[in-house]
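Chemist: Its first residue numbered 45, the sequence shown is counted upward by one per residue in the UniProt record's numbering. Ideal Cβ positions, reconstructed from N, Cα and C, are used throughout, including at glycine. Just so you know, these numbers come straight off a predicted model, no measurement behind them. Below: one structure in structure tokens.
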Amino acid sequence: EKGWVTEHLYQYQGCWYRTPSAIQGVIWMQEHFKPRPADVLLVTPPKSGTTWFKSLLFAIMNRTQFDTSTHPLLTTSPHELVPFMEMFLHMNIPFPDPDPLSPPRLFHTHTPFTSLPQSVIDSQCRIVYVSRNPKDVFVSFYCFLQGDNNSAIRLSFEEAFEQYCKGFSPYGPFWDHILGYWKASSKWPERVLLLKYEDMKRDSSFHLKRTAEFIGQPFSSEEEKQGLVHEIIKLCSFESLSNMKVNKTGTLRVGYLTVDKNSFFRKGEVGDWKNHLTAEMAERLDRIVERNLDGCDFSFDDSK
Ligand code: A3P
């Protein structure tokens, strides 16, 4: 299919990818990944807050001796702290042995539910799925690609929007991605937690605690008294992360792609779509969401 990121998009198991290499990475992951029961898998569609939730989960899972002056997030990009699973093949990273005694690991993937490795489905590992309202995702994606040297073509905003509405976007159709994990979460609520970017913005403390509990690492009342929940939220805020030197300069190798580190930070707000989409465009996307997510109790509070 014609793509808006690269000249073509390639389909695998019903999902669109920007290159055949991306598909190879997914197949490799399907064949090699051996989760441990305590592992946590963060899953996001692109531009839904991956960088933010990588940081939050990393901070939750590595909070013994939490120190804001020496924290790993101060010196290492969240994308290096939390590996992107389907890129392991392209980065020559072997999966570590599934030693059940070592601490829980944290991985990230953009892969849709139907393409997750069977080993993940069969295991007890937890899946944290984050979605974001599609209007902000589209705007974020388009702006990201404007500065992305890996994109071979440059479509106009309107042309790209047209493609997005038809479901032609990397890891799209976006509604299938959300629907897949929504169904999984309804079936296995103890294994799949659904979070929304907008909810985490609105009530960070509540959703951070909920996430920690879900992955089996709840905050103790002692930790809460010490203000640890607040410290983590502050450390991982847009203002904090985007102003760190480690996230502002230089590039990052993401598998076969090289990306500017600062391209993961733009505005970090809910509702920026209002500055970019016409009323007609917004209405059209709302209708697509309504139609395709019909029947599930899933909606986005995307106005602010
Ligand atoms: P905007 O382009 O709307 O600003 P991803 O990490 O999945 O690529 O998503 C990138 C989006 O998340 C960008 O959205 C980026 O600004 C936003 N973002 C990055 N860090 C964030 C943070 N700490 N808090 C909130 N949003 C953040």
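1) Quick one: what does DSSP say F344 is sitting in, helix, strand or coil?
2) Say yes only if the C-beta of K305 is nearer than 6 Å to one or more non-hydrogen atoms of the ligand A3P, and no if none qualify.
3) Can you look up C187 in the DSSP assignment and give me helix, strand or coil?
4) On the CB-based measure, 16 or more other CB atoms within 10 Å of its CB, does D111 come out buried or exposed?
5) Starting from K240, trace the beta strand (DSSP E) in both directions and tell me its first and last residue.
6) Closer than 6 Å by C-beta to P156: which residues in its own chain qualify, once you throw out the five before and the five after it? Chain order, please.
7) Count the C-beta pairs between the segment 154-171 and the segment 317-332 that are closer than 8 Å, then say yes if the count reaches three, no if not.
8) Helix, strand or coil, according to DSSP, for I222 in the structure here?
9) Does DSSP classify V126 as helix, strand or coil?
10) Assign R297 to one of three DSSP states: helix, strand, or coil.
11) Would you decide whether A323 is buried or exposed? Buried here means 16 or more other CB atoms lie within 10 Å of its CB.
12) Helix, strand or coil for I171, going by three-state DSSP, please let me know.
13) Considering V84, what are the terminal residues of the beta strand (DSSP E) in which it resides?
14) Tell me the residue span of the beta strand (DSSP E) that contains Y208.
15) What number of angstroms, rounded off, separates the C-alpha of A82 from the C-alpha of E203?
16) List the DSSP bridge partners of Q55.
17) Is the beta carbon of L86 less than 7 Å from the beta carbon of H152?
18) What are the start and end residues of the alpha helix (DSSP H) that includes F97?
19) Which term fits Q207, buried or exposed, when burial requires 16 or more other beta carbons within 10 angstroms of its beta carbon?
20) Excluding the 5 residues flanking P217 on each side, which residues of the same chain have their C-beta closer than 7 Å to its C-beta?
21) Give me the Cα-Cα distance between K278 and L272, rounded to the nearest whole angstrom.
22) Looking at C-alpha atoms only, which residue of T158, H274 and Q168 is the closest neighbour of F250?
23) Could you spell out where the alpha helix (DSSP H) holding H251 opens and where it closes?
Modeler: By the coordinates alone:
1) DSSP, read as helix, strand or coil, puts F344 in coil.
2) Not one heavy atom of the ligand A3P falls within 6 Å of the beta-carbon of K305.
3) Correct three-state label for C187: helix.
4) It counts as exposed.
5) Its beta strand (DSSP E) spans residues V236 to K240.
6) Hits under 6 Å: C59, H221 and G224.
7) Look at the beta carbons and you see the segment 154-171 not touching the segment 317-332: under three pairs across the two are nearer than 8 Å.
8) The DSSP-derived three-state label of I222 is helix.
9) If DSSP states are grouped into helix, strand and coil, V126 belongs with coil.
10) Strand.
11) A323 should be labelled exposed.
12) In this structure, I171 counts as strand in the three-state DSSP scheme.
13) V84 -> beta strand (DSSP E) spans V84 to V87.
14) Per DSSP, Y208 is not a residue of any beta strand (DSSP E); the alpha helix (DSSP H) it occupies stretches across F201 to C209.
15) A82 and E203: Cα-Cα distance of roughly 44 Å.
16) Note: Q55 sits in a beta bridge opposite W60.
17) Yes.
18) Its alpha helix (DSSP H) spans residues T94 to M105.
19) Buried: at least 16 other Cβ atoms inside 10 Å.
20) The residues are G211.
21) In this model, K278 and L272 are separated by some 10 Å (Cα to Cα).
22) Of T158, H274 and Q168, the residue nearest in Cα terms is H274.
23) Per DSSP, the unbroken alpha helix (DSSP H) holding H251 starts and ends at S248 to F258.
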